[in-house]
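Okay, structure first, notes after.
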Amino acid sequence: TPNPGPRRPFNFIGILREKQINLLNKMSLESSSSNMTFWFGHYPTSLIITEDGSNIRQLMRNASAYFCGHLHLSGLHTRHKTGTYELELGDWKHNRMYRIVAVDSNVMAFSDQAFHEEPVIIFTNPQHARFPAPQKVTSTHIRLLIFPPSHALTVDLYIDKVKIGEAQNVKGPLYVLPWKPEQFKSGLHHITAVVKENGFTIKEKSQLFSLDGTTEPFPILARIVLMVDLLFIGKLLFYFLAVVYVLVLCLLRKCADIRSLKLQGDALPGRFIKNFINRWIRRVWLVSKATKIFLILTCFTTYIMIGPWFMAEVIDGHTGLMFVWGLYVKGALLPGSLTYVYGIFQMVSYNIPLLFHLGYILDYPQSFSESNQLRLSHRIRHLYIPMIVLLIFQCYVTLIEFPQAYGTKAMILGPVRSGSIFIGMYCYYAAFTHHYKSTVHTS
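Anchor point for the sequence shown: position 342 equals 580 in the working numbering, and the numbering is continuous, going up by one each time.
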């Protein structure tokens, strides 16, 4: 966990210091000769930063599995290139999820269960096709565990919907059934256990297995969440949005004739798209030419990238400064993590819509052939209502986001969230004033 550890939401990532990395390296070496090694941690590897830049997944390469929580999303399982399985577990606090792990002949099996669901069924042989194990063709028995143990249970086993027999209780939760694995040595197969008590079916469980190494892929969402470097992706996306935002305004401001940037060609299928893009290029160009608005938007976006977002008591008794690239508190700098997500949200939900709407106002038609009443209703729908909605939404975000976690001080001393409201109001005033002057000048 981060040290010092701020309150939520900026305790979202794990940080491994050099001392901790050395200790983990030592433990990894000591356990390298073991048949199986399980690692336990709170954060998934995609949300762990190492102080020296080393790869946490490479560090745990000798582990059979890494059990973690934090995200607490059901079904987040994957296998890393090192061969280590990463298995996220749903939370106990809200969903009452727990995990049973069994090891059978150096092969791991597990089941994630809700507390109220009984009985619990775990196949230990054959193994699930997502977690293949070698040399299973030589096995003589199907083995499964059923919790809680009961002598009143009957367990029917099916492979590919064909009943192959009734498993017998050996001892405690263990049930076995002899089988002929050579009959299923190629491809994927379904194995199903039907558990009955006093003749009534109380639980069924099915899973895929294979004996030739054929695997069932992990869900794409699980692979993305657990295998992709989420911190790097968030950082890259934020800076891409912010830098492109500033660069586009600066480059358009240097352009004297916007017609040179417009898309050309009259191909019918692309005419609507071409006109749509050209219209918005012109509108952003108009914003870049309105000096006051241009300076405010570019300076404000640059500030978001480098300046403090707020100052507040992020740890009891300690005031900290939050930047998009990190949190400074108690003389320590915690690297940016979820801060980049807030930065992306700021750009997508406010800065970019504000830019486009200001461009729309500056490009608003100076006259209509319709009546004054229709012109007024059009202005209300297209100018005033979007402005009010955007400002009210930003007020809402300002009031509930950081102040909810860090108190009113985060709102009062929050130049990004609170300041963006006043910046938006001034930019709208400047845009309407500019538009009014242009209209009067033209008339």
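Ideal placement from N, C-alpha and C gives every residue a C-beta, glycine not left out.
All values derive from a computational prediction rather than experimental measurement.
Assigned exposure category for residue i - 16 Cβ within 10 Å defines buried
| i | result |
| --- | --- |
| Gln351 | buried |
| Phe361 | buried |
| Leu614 | exposed |
| Glu435 | exposed |
| Pro411 | buried |
| Lys418 | exposed |
| Leu383 | buried |
| Asn241 | exposed |
| Met663 | exposed |
| Arg521 | buried |
| Phe481 | Checking the sequence, you will find Val at residue 481 rather than Phe. When all chains shown are included, Val481 counts as exposed. |
| Ala347 | buried |
| Gly271 | The displayed chain sequence assigns Ser, not Gly, to residue 271. Classification of Ser271: exposed, given that the 10 Å Cβ count is below 16. |
| Ser388 | exposed |
| Lys473 | buried |
Alpha-carbon spacing of residue i relative to residue j, whole angstroms
| i | j | result |
| --- | --- | --- |
| Phe329 | Phe250 | Position check: residue 329 holds Asp in this sequence, whereas Phe was assumed. C-alpha separation (whole angstroms): 16 Å. |
| Leu311 | Asn513 | 44 Å |
| Ala669 | Leu600 | 6 Å |
| Phe248 | Thr577 | 7 Å |
| Gly279 | Leu533 | 47 Å |
| Val341 | Tyr483 | 54 Å |
| Val414 | Glu326 | 29 Å |
| Asn333 | Tyr304 | 21 Å |
| Ile590 | Ile542 | 13 Å |
| His427 | Lys443 | 14 Å |
| Trp523 | Leu490 | 5 Å |
| Cys633 | Arg337 | 43 Å |
| Glu608 | Ala550 | Note that Glu608 scores a pLDDT of 48, beneath 50, so its modelled location is shaky and nothing firm can be said. |
| Leu637 | Ile582 | 19 Å |
| Arg619 | Leu479 | 28 Å |
| Leu468 | Val635 | 24 Å |
| Pro357 | Asn273 | 30 Å |
| Val525 | Pro624 | 17 Å |
| Pro386 | His354 | 12 Å |
| Leu254 | Tyr477 | 25 Å |
| Leu297 | His318 | 12 Å |
| Phe447 | Thr320 | 22 Å |
| Gln445 | Ile429 | 6 Å |
| Gly597 | Lys530 | 13 Å |
| Ala643 | Leu651 | 14 Å |
| Ser302 | Phe276 | 6 Å |
| His616 | Ser284 | 49 Å |
| Val339 | Tyr323 | 13 Å |
| Leu391 | Val433 | 7 Å |
Residue-level contact to chain B via CB, residue i, 8 Å cutoff
| i | result |
| --- | --- |
| Thr430 | You won't find chain B in this structure, because it holds only one protein chain. |
Proximal residues to residue i (C-beta, below 6 Å), its chain only, five neighbours per side dropped
| i | result |
| --- | --- |
| Ile286 | Gly252, Ile294 |
| Ala371 | Val345, Gln365 |
| Ser424 | Asp450 |
| Pro653 | none |
| Ser656 | Thr636, Met649 |
7 Å CB neighbourhood of residue i in its chain, flanking five on each side removed
| i | result |
| --- | --- |
| Gly451 | Pro370 |
| Asp290 | Glu256, Ile259 |
| Gly569 | none |
| Thr378 | Pro416 |
Own chain partners of residue i with C-beta closer than 8 Å, once the 5 adjacent residues on each side are dropped
| i | result |
| --- | --- |
| Pro244 | Val552, Ile553, Gly558, Leu565, Val567, Leu572 |
| Lys401 | Asp394, Leu395 |
| Gly645 | Ala550, Glu551 |
| Leu628 | Tyr588, Pro591, Leu592, His595, Gly662 |
- Any beta strand (DSSP E) of 3 or more consecutive residues that is wholly inside the segment 245-312: List check, beta strand (DSSP E) in window: 252-254, 276-278, 286-288, 303-306.
- Task: Identify every run of the beta strand (DSSP E) within the segment 307-393, keeping only runs that are complete inside it and at least 3 residues long; order them along the chain.
- Result: Within the segment 307-393, the complete beta strand (DSSP E) runs of at least 3 residues are 315-317, 323-326, 335-342, 345-352, 358-363, 379-385.
- Counting only runs of 3+ residues fully inside the segment 386-467, write out the beta strand (DSSP E) ranges in chain order. Listed in chain order, the beta strand (DSSP E) elements of length 3 or more contained wholly in the segment 386-467 are 391-397, 400-409, 412-416, 426-435, 438-448.
- When the Cβ atoms of the segment 555-570 are set against those of the segment 450-468, are three or more pairs found closer than 8 Å? As far as the Cβ criterion goes, the segment 555-570 does not touch the segment 450-468, which means the pair count is below three.
- Item | contact_flag[the segment 459-468, the segment 311-325] where n(CB pairs < 8 Å) is 3 or more | At 8 Å Cβ cutoff, the stretches touch.
- Message: Extract the residue ranges of the beta strand (DSSP E) inside the segment 472-498, only unbroken runs of 3 or more that lie entirely within it.
- Response: Counting only runs of 3 or more, we get nothing.
- Residue ranges of each alpha helix (DSSP H) within the segment 517-563, 4 or longer: Listed in chain order, the complete alpha helix (DSSP H) runs (minimum 4 residues) inside the segment 517-563 are 529-544.
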